[in-house]
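S.K.: Residue numbers (this note's numbering), protein chains in the order written: chain X, 1 to 193; chain B, 194 to 386. We put the CB at the ideal spot given by N, CA and C, even for glycine. Take a look at the following structure, please.
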DNA sequence: CGAAAATTTGACATGACTCAACTGGAGTGG
DNA sequence: CCACTCCAGTTGAGTCATGTCAAATTTTCG
């Protein structure tokens, strides 16, 4: 029932047999978070890899001065975890917090291992997931170096047209790596151009 | 002979049988590049995934203004490719150029597929490789937002102590995302602090 | 040695940040 | 229904980090 979206999503990608599907179901958990709740808090070990069924969450790093830097947003069909903490089971440097009521399907590290062992197709799927994530992370590094905040903002709007409306603007600023004040001025200038 | 370092490196990580080793050898190629040579040029398809045996190379993006932005350096034991171009076999946005005479072992995309199909251990190994790369890419995104160029430079020195001596300083500047002029002034200030 | 490449220096320009004050909703409670 | 507060967003003045451009200096290497 609640896990249906995941199955549908996965079946599209790797075409699971009935047996594989039911095995998968033994390894996952459905969970619902309220707006504002934390899926992961800085300092805790990241116990779950999360597949977002609905809602919206952010992953962020809070620096020593207390400023928050948003690493990514995740909505339906996105995967979300602090990979570093998840695979090594060491305390995380990141927060994951829900910006809306959010439904997720969770894998524990053991569950993921079991899955990979028993259904090798998953190796390929997860590898693809990682590849895509790495490619876009590298792009973002270069983007931040080679473009002004204004340009980055325009690209962000193109790439995530739906997200901007759903969240407070100061979070968009944080994702782009600028202050909310500068972001506000920037948007103004864009209007009068 | 020339492929020995790769085997040794891999055997340490995944413990290959004799048969697996000899199969591996059928899927790889050894190649030597001179200083200055390109392993990959912007616009070409990335035909190979490269394991660096010796030497040093950089992966970089040249923007429309002609400025070069360095994504990463690779020395012994690093893997190097434009993953996006490699997996989709579409033209690359990056250059990979040797900064020293460099020996690499190359996998084609097909070769890599074969390897993964025939020696499932490789799935795990490659997944780990990707995980680590992704974790550090995400860290670098945040680092660039939350730290000044000076701080980033000090971290770079700690993390890659051997690289700074081997390459022209303007490339370090490019990796850090600052101009060579600013980088020069910055280092001066650090001395008198 | 001489030419090209790398690095440094200085004057000036600008993107982006800080801080503080202000505006304008969206509750909330009396 | 008003007064109050809280939070997001805006605005402005001043500052700082970093960029630009042009010239001078040093290093590298044929």
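Where does the unbroken alpha helix (DSSP H) through residue 96(X) begin, and where does it stop?
M.R.: Careful: residue 96(X) lies outside any alpha helix (DSSP H), inside the beta strand (DSSP E) at 94 to 98.
S.K.: Please identify the residue among 307(B), 247(B), 238(B) and 289(B) whose C-alpha is closest to the C-alpha of residue 278(B).
M.R.: Minimum Cα distance to residue 278(B) is reached at 238(B).
S.K.: Between residue 141(X) and chain B, is any beta-carbon pair separated by less than 8 Å?
M.R.: yes
S.K.: Does any residue of chain B have a CB that is nearer than 8 Å to the CB of residue 120(X)?
M.R.: yes
S.K.: Taking all protein chains shown into account, decide if residue 126(X) is buried (16 or more other Cβ within 10 angstroms of its Cβ) or exposed.
M.R.: Within 10 angstroms of the beta-carbon of residue 126(X) lie 16 or more other beta-carbons, which makes it buried.
S.K.: Which partner residues does residue 133(X) have in the DSSP bridge list?
M.R.: Bridge partners of residue 133(X): none, in fact.
S.K.: Where residue 69(X) and residue 177(X) are concerned, what is the direct C-alpha to C-alpha distance, given to the nearest angstrom?
M.R.: 7 Å
S.K.: Just to confirm before moving on: does the CB-CB distance between residue 106(X) and residue 31(X) stay below 8 Å?
M.R.: The answer is yes: Cβ separation under 8 Å.
S.K.: In this structure, does DSSP put residue 281(B) in helix, strand or coil?
M.R.: helix
S.K.: Output needed for residue 336(B): all residues of its chain with C-beta closer than 8 Å, excluding positions within five of it in sequence on either side, in chain order.
M.R.: 345 and 348
S.K.: In chain X, what lies closer than 7 Å to residue 280(B) by C-beta?
M.R.: Contact of residue 280(B) with chain X by beta-carbon distance below 7 Å involves 131.
S.K.: In chain order, what residues of the same chain have a beta carbon less than 6 Å from the beta carbon of residue 163(X), not counting five sequence neighbours either side?
M.R.: 73
S.K.: Given a cut-off of 8 Å on the beta-carbon distance, is the pair residue 134(X) and residue 94(X) in contact?
M.R.: no
S.K.: Rounded to a whole number of angstroms, what is the C-alpha to C-alpha distance between residue 61(X) and residue 26(X)?
M.R.: 33 Å
S.K.: Measuring CA to CA, which of 360(B), 351(B), 340(B) and 380(B) is closest to residue 66(X)?
M.R.: 340(B)
S.K.: Run through DSSP, which three-state label would residue 200(B) get?
M.R.: helix
S.K.: Quick one, are the C-beta atoms of residue 284(B) and residue 236(B) less than 8 Å apart?
M.R.: yes
S.K.: Taking just the CA atoms, how far does residue 88(X) sit from residue 269(B)?
M.R.: Cα to Cα, the separation comes out at about 25 Å.
S.K.: Listing by chain order, which chain X residues have their CB less than 9 Å from the CB of residue 266(B)?
M.R.: Chain X residues near residue 266(B): none, gap ~14 Å exceeds 9 Å.
S.K.: Since residue 63(X) meets chain B, which of its residues come closer than 7 Å, beta carbon to beta carbon?
M.R.: The contacting residues are 339.
S.K.: Give a yes or no on whether the minimum CB-CB distance between residue 303(B) and chain X is below 8 Å.
M.R.: no
S.K.: Give me whichever residues DSSP pairs with residue 249(B) in a beta bridge.
M.R.: Note: residue 249(B) sits in a beta bridge opposite 268(B).
S.K.: Within the 8 Å Cβ cut-off, does residue 48(X) reach chain B?
M.R.: no
S.K.: Given this structure, state the Cα-to-Cα distance separating residue 374(B) from residue 368(B), to the nearest angstrom.
M.R.: So the two alpha carbons sit approximately 14 Å from each other.
S.K.: Please decide whether residue 359(B) counts as near chain X, where near means a Cβ-Cβ distance under 8 Å.
M.R.: no
S.K.: Nearest by alpha-carbon distance to residue 212(B): which of 316(B), 372(B) and 312(B) is it?
M.R.: If we check each option's Cα against that of residue 212(B), 312(B) comes out closest.
S.K.: Take the Cβ of residue 172(X) as the centre, count every other Cβ of all protein chains shown within 10 Å, and call the residue buried at 16 or more, exposed below.
M.R.: buried
S.K.: In three-state DSSP terms, what is residue 147(X)?
M.R.: coil
S.K.: So, at 7 Å on beta carbons, what are the nonlocal neighbours of residue 231(B) in its own chain, with the 5 sequence-adjacent residues on each side left out?
M.R.: 288, 289 and 290
S.K.: What does the Cβ neighbour count give for residue 123(X), buried or exposed, with the cut at 16 atoms within 10 Å?
M.R.: So residue 123(X) ends up on the buried side.
S.K.: For residue 331(B), return the contacting residues in chain X, with the cut-off set at a CB-CB distance below 7 Å.
M.R.: Chain X residues near residue 331(B): 71 and 137.
S.K.: Could you tell me which whole alpha helix (DSSP H) segments of length 4 or greater appear in the segment 203 to 235 of chain B?
M.R.: 211 to 219
S.K.: Chain X beta carbons: is any one of them nearer than 8 Å to that of residue 277(B)?
M.R.: Judged by the 8 Å Cβ criterion, residue 277(B) is in contact with chain X.
S.K.: Could you tell me which chain B residues have their CB closer than 8 Å to the CB of residue 134(X), listed as they occur along the chain?
M.R.: Chain B residues near residue 134(X): 276, 323, 326, 327 and 330.
S.K.: For residue 384(B), count neighbouring C-beta atoms within 10 Å of its own C-beta (all shown protein chains included) and say buried if the count is 16 or more, exposed if not.
M.R.: Label assigned to residue 384(B): exposed.
S.K.: Using the rule of at least 16 other Cβ atoms within 10 Å of the residue's Cβ for burial, across every protein chain shown, is residue 195(B) buried or exposed?
M.R.: exposed
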